[in-house]
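As C-alpha cells, the structure follows; a few thoughts come after it.
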Amino acid sequence: MEAPGPVPQERWPGVIDLNQAAPQDDLPSVSGTAHENELRGRSSPSANGASGQSDGAVGRSRRQSGSPLEIDAISRMLYFASQGSVEDIQAMLDDGADVNSHDYDGRSALHLAASEGKLGAVQLLLERGARVNPLDRWGGTPLSDALHFGFQPVADLLRSRGGHVINERLSDGKRFLTNPPQRAYSSDIGPEWELDPAEVDWRKSFLIGKGAFGEIRLASWRGTRVAVKSLLPSLSHDEQVELEFFDELRMLCKLRHPNIVQSLGVVTHQRPLMLLFEYLPKGDLADLLSRKGALPAATAIRYALDIARGMNYLHLQRPNPVLHRDLKPRNLLLDESGHLKVADFGLSKLLTTDAMHEQYKMTGETGTYRYMAPEVFRHETYDKSVDVFSFAVILQEMFEGGPAWRFTAPEEVARQVALRHLRPPFKASTYPLGVKELIQACWASDARLRPTFSVIIERLEEIEEYMAAAEKALRDGYPLSQLWGLPGMLHHQQQPHQPPPQPQPGVGHV
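Quick note: the UniProt record's numbering has the sequence shown finishing at residue 510, numbered continuously throughout.
The following block contains the structure:
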C-alpha cells in the first residue's frame with residue numbers, strides 16, 4: 001500500500017531528506033564531518049512493558065476478519081503472554097482468540113507466560129481454559145519452563161492445576177513423567193541441557209554454514225532434523241575461544257521466544273563443543289530478498305514485527321539484557337509458518353545488572369559493516385540502541401529489495417554512515433504512512449534519540465492497523481481522507497528538539 005501522502009514537516013521537526021543527500025548507488029569519499037538532526041523516539045514503554053497499550057480493546061476491535069492482521073493473532077497472543085499483559089490477553093480472548101493457540105514449535109501462550117514468570121497472565125489463561133500440560137516441540141510443558149527459570153509461584157500454581165514435567169522421546173513417540181537427567185555440567189549450564197553426543201546421527205549430515213571459529217551442519221537427533229554448531233577441531237584447545245563459546249551456550253539455553261531460534265541442548269563433556277538448535281529449512285531473509293526483491297508492504301511490516309518482538313525479548317531479559325550486535329538479514333531465519341526468528345548469537349553479549357541503565361563500556365568494530373551503528377565504527381561506547389540502528393537498515397532493505405550502495409565496499413559504507421551521517425535513500429513508492437519516519441528515528445545519529453523496541457512494536461502495530469483500515473475503506477468505497485486519522489504514532493507528542501548547532505567553518509552538510 002502506498003503512503004497517501006507525505007507527512008507534514010512540522011509533525012516531525014528536524015527531518016532531513018536523505019534521498020537528496022545520496023541518491024546514487026556509489027558513495028563519494030569522506031571529506032569532513034556533518035551534523036544531522038534526527039527524529040526523537042519515545043524512550044519509555046508502557047507501564048507494564050507490553051506493546052500497543054494505547055490501542056486497547058477499541059483498537060483491536062477494528063481488525064476485520066481476513067485482514068492482514070488475522071495471520072498475526074497467534075504472535076500477538078504469545079507476545080502479550082510473554083510480557084504478562086493481562087489486559088491485552090483478556091481483550092484478545094474476549095474478541096474470540098483461541099486460548100490454546102500455539103506457534104509452529106508448539107509453544108502456547110501458557111508456555112510463554114510461565115517461562116517469563118508472569119503469574120497474573122498464567123492465572124488468567126488457566127481460568128479461560130488453557131490446557132495445563134501442552135507439549136512444545138521438545139516435550140516441554142509450562143511447568144517445566146517455570147521450574148527451569150526459577151519462578152516458584154508460577155510452578156506452584158501450575159502444580160495445583162495438575163501441571164506435570166513431561167519428556168517426550170521424539171524417536172518413538174512415547175511420553176513419560178520424568179525428572180531432568182542428573183549429569184555433570186560445565187560453566188553453570190544446567191544439567192537438563194547436556195546431551196549424549198551418541199544420539200546425534202551424522203550419517204546424512206552436510207555442511208550448511210561455516211565461520212572463523214566453527215561450523216554448522218545439518219544432522220538428526222532423536223528423529224528430528226537439527227542444526228549442530230561445533231567449534232573447529234583446530235580451536236578445541238584455545239581457552240579464550242572455548243570461553244566465548246560457553247558464553248553463547250549459556251545465553252541460548254536461557255532464551256525461549258517465538259521469534260528467537262530455539263536451542264535444544266549442548267555437548268560440553270567432550271570435544272568438540274556442540275550446540276544443537278532447531279533447523280529452519282526455509283532459509284534466511286537475505287536469500288528471500290535476493291530471490292524476490294522488495295517485499296509487499298504487509299509482509300515487510302509483519303516481518304519487522306517479528307524482528308522487533310524477538311529483539312525486545314532480548315533487550316528486556318532480566319537480570320541481564322542481551323545485545324545481539326550483529327543483526328542482519330542473514331541472521332533472520334524463516335520458520336514453517338512464515339515468521340522470522342532471530343538467530344546467530346555468536347557476537348551477543350549479556351549486560352551486567354549494573355550497566356542496565358547506562359552506556360556500556362564496549363568499543364570496537366563488532367558486527368557487519370553494512371548494518372553497523374556509527375558509534376561502533378567510531379570505536380565509541382555503545383548500548384542496546386546499536387541493534388535498533390541495524391533494525392532500521394533491515395526494514396529499509398525490505399521495502400527497497402536489497403542493500404543500498406551494493407557496489408561500494410561494505411567498510412566504505414560504514415565509514416560514510418559514521419563520518420558523513422549518510423543514510424540509504426528511500427527510492428521505493430510502497431512505504432506505508434509513518435514507516436519512513438520510524439526508520440529515520442531508528443537510525444538517528446544520536447543513539448539517545450533512537451526508540452526502544454517496545455516503542456517500535458507499538459508504532460508498527462499502529463501502522464499495521466492503519467493499513468488494514470485503509471484497505472477496508474478502499475474496499476468499501478470510502479475515500480482515505482475519511483479514515484479515523486493518521487496512525488497514533490504520528491500523534492504522540494515528541495520531545496522538543498533543540499535547534500541544530502550552526503555550521504562551523506569547514507564542516508560540510510549532508
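Here a beta-carbon is modelled for each residue, glycine too, at the ideal position from N, C-alpha and C.
Just so we're clear, the structure is a prediction, and the values are computed from it rather than from any experiment.
Just to check my reading of the structure: residue i and residue j have Cβ atoms closer than 8 Å, yes? What is that Cβ distance to the nearest angstrom?
i: residue 395; j: residue 439; result: 6 Å
i: residue 460; j: residue 384; result: Residue 460 to residue 384, Cβ: 18 Å. No contact.
i: residue 389; j: residue 308; result: With 8 Å as the limit, residue 389 and residue 308 do not qualify as a contact, their Cβ atoms being about 13 Å apart.
i: residue 197; j: residue 270; result: 6 Å
i: residue 282; j: residue 336; result: 7 Å
For the candidate residues the options, whose alpha-carbon lies nearest to that of residue i?
i: residue 145; options: 338, 261, 129 and 111; result: 111
i: residue 286; options: 297, 269, 334 and 279; result: 334
i: residue 103; options: 84, 214, 72 and 90; result: 72
i: residue 128; options: 407, 471 and 94; result: 94
i: residue 328; options: 403, 198, 446 and 413; result: 403
i: residue 193; options: 125, 262 and 162; result: 262
i: residue 210; options: 218, 122 and 243; result: 218
i: residue 253; options: 276, 259, 243 and 272; result: 276
i: residue 96; options: 85, 77, 378 and 386; result: 77
i: residue 139; options: 149, 106 and 155; result: 106
i: residue 298; options: 397, 270, 432 and 318; result: 432
i: residue 203; options: 213, 195 and 220; result: 220
i: residue 195; options: 88, 321 and 265; result: 265
i: residue 386; options: 430, 315, 435 and 234; result: 315
i: residue 246; options: 319, 224 and 213; result: 213
i: residue 256; options: 426, 92, 477 and 113; result: 113
i: residue 274; options: 232, 136, 142 and 337; result: 232
i: residue 75; options: 469, 473, 435 and 338; result: 338
i: residue 295; options: 476, 430 and 205; result: 430
i: residue 444; options: 462, 471 and 418; result: 418
i: residue 321; options: 79, 251 and 302; result: 251
i: residue 258; options: 464, 446, 80 and 478; result: 80
i: residue 447; options: 463, 372 and 474; result: 372
i: residue 302; options: 284, 464 and 474; result: 464
Once you ignore the five residues that flank residue i on each side, which residues in its own chain have a CB closer than 6 Å to its CB?
i: residue 331; result: 343 and 344
i: residue 131; result: 100
i: residue 293; result: 401
i: residue 118; result: 84
i: residue 151; result: 117
i: residue 476; result: none
With 16 other CB atoms within 10 Å as the buried threshold, where does residue i fall?
i: residue 222; result: buried
i: residue 424; result: buried
i: residue 312; result: buried
i: residue 466; result: buried
i: residue 409; result: exposed
i: residue 452; result: buried
i: residue 407; result: exposed
i: residue 434; result: buried
i: residue 454; result: buried
i: residue 420; result: buried
i: residue 163; result: buried
i: residue 291; result: exposed
i: residue 411; result: exposed
i: residue 462; result: buried
i: residue 156; result: exposed
Would you mind stating whether residue i and residue j have Cβ atoms separated by less than 7 Å?
i: residue 300; j: residue 399; result: yes
i: residue 226; j: residue 279; result: yes
i: residue 134; j: residue 108; result: yes
i: residue 230; j: residue 191; result: no
i: residue 413; j: residue 378; result: no
i: residue 85; j: residue 116; result: no
i: residue 326; j: residue 368; result: yes
i: residue 166; j: residue 124; result: no
i: residue 158; j: residue 143; result: yes
Ordered along the chain, which non-local residues of its own chain (more than five positions away) have a Cβ less than 7 Å from that of residue i?
i: residue 207; result: 215 and 217
i: residue 260; result: 310, 313, 341 and 342
i: residue 235; result: 213 and 241
i: residue 149; result: 115 and 117
i: residue 153; result: 119
i: residue 137; result: 105 and 106
i: residue 126; result: 132 and 161
Excluding the five sequence neighbours on either side, which residues of its own chain have a C-beta within less than 8 Å of the C-beta of residue i, listed in chain order?
i: residue 289; result: 295, 329, 397, 398, 401 and 402
i: residue 428; result: 294, 399, 400 and 401
Is there at least one non-hydrogen atom of the ligand NAD closer than 6 Å to the beta-carbon of residue i?
i: residue 152; result: The ligand NAD is not part of this structure, which contains no ligands at all.
I'd like to know if residue i contacts chain D, where contact means its C-beta is closer than 7 Å to some C-beta of that chain.
i: residue 406; result: Absent from the structure: chain D. Only one protein chain is present.
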